[in-house]
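Counting in this note's numbering, the final residue of the sequence shown is number 186, and the numbers go up one at a time with none missing. Beta carbons: idealized from backbone N, C-alpha and C, even for Gly.
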Amino acid sequence: MDINADDLVDRVNCYRMGAWFEAFLGWAGADWPEAADADGIWRLAAARRDLELWLVRERGFAAGDADGWRLDRLFFGSRASLPRGLAVAGETPERARDKLSADTVSGPAVEPGQGGRRISHFLADGLVIELTFGPHDQGLSRILVARLGAPIDRRGG
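And the structure:
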């Protein structure tokens, strides 16, 4: 199974995707996380694909039931294949706005000219894509994807 970045984004805040998670693990060369952190987040690192998935367990599912995992957040690193036409090198706030949404919230760079500026784009269906830019707002160093609203039941998918 081939999994693309847009497919990953579409599954954020969804559960009942056990078969899909199993296929993802094979594609990414990753294993299920062994334990949750102190906040109850299970961090699934897929280093080969430069991705990190934060999983939480939905209530009402048995401990071994893969359908009970919900993809809470998704992180793309600078070596990952990116969603929505984004490009690591050369991406700017203006280009990202054209590709994602003009509905944004942003903050200043961590240190002017040194990078770290974050801009959150609000898209349809509650998706939020936060971009962290490199020095002088050129290029991307990280992408965080979350979805606002109630979890989505992806029964069968």
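Is it right to say residue i is buried, meaning 16 or more other beta carbons lie within 10 angstroms of its own, or is it exposed?
i, result
"Pro-137", "exposed"
"His-165", "exposed"
"Trp-98", "buried"
"Gly-184", "What sits at residue 184 in the sequence shown is Arg, not Gly. By the 10 Å Cβ count, Arg-184 comes out exposed."
"Glu-63", "exposed"
"Val-139", "exposed"
"Arg-77", "exposed"
"Ala-34", "buried"
"Ala-57", "buried"
For residue i, which residues in the same chain have their Cβ closer than 8 Å to its Cβ, ignoring the five residues on either side in sequence?
i, result
"Val-41", "Leu-100, Asp-101, Arg-102, Leu-103, Leu-156, Val-174, Ala-175, Arg-176"
"Ala-118", "Gly-168"
"Asp-127", "none"
"Leu-182", "First, the residue type needs correcting, since residue 182 is Asp and not Leu in the sequence shown. Within the same chain, Asp-182 has close Cβ partners Cys-43, Tyr-44, Arg-45."
"Glu-120", "Leu-160, Phe-162, Gln-167, Gly-168, Leu-169"
"Asp-66", "Arg-72"
"Asp-36", "none"
Please list, in chain order, all residues of the same chain as residue i whose beta carbon is under 6 Å from its beta carbon, the five residues on each side excluded.
i, result
"Ile-70", "Trp-83"
"Asp-79", "Gly-106, Arg-108, Ala-109"
"Gly-47", "Ala-95, Asp-96"
"Gly-178", "Gly-155"
"Asp-132", "Phe-151"
"Pro-180", "Asn-42, Tyr-44, Arg-99"
Identify, in the order they occur along the chain, each residue of the same chain with its Cβ nearer than 7 Å to the Cβ of residue i, setting aside the five sequence neighbours on each side.
i, result
"Ala-59", "Leu-73, Ala-74, Ala-75"
"Arg-88", "none"
"Gly-114", "Lys-128"
Whole-angstrom Cβ separation of residue i and residue j, contact assumed at under 8 Å?
i, j, result
"Ser-135", "Arg-146", "7 Å"
"Pro-112", "Phe-162", "In fact, because the Cβ distance is near 16 Å, the residues do not count as touching under 8 Å."
"Ala-95", "Phe-50", "5 Å"
"Leu-152", "Ala-125", "About 12 Å separates the two Cβ atoms, so there is no contact after all."
Within the segment 113-146, ranges of the alpha helix (DSSP H) (whole runs, at least 4 residues): 122-128
Report the residue ranges of all beta strand (DSSP E) runs contained in full by the segment 35-84; include only those spanning at least 3 residues, in chain order. 71-75
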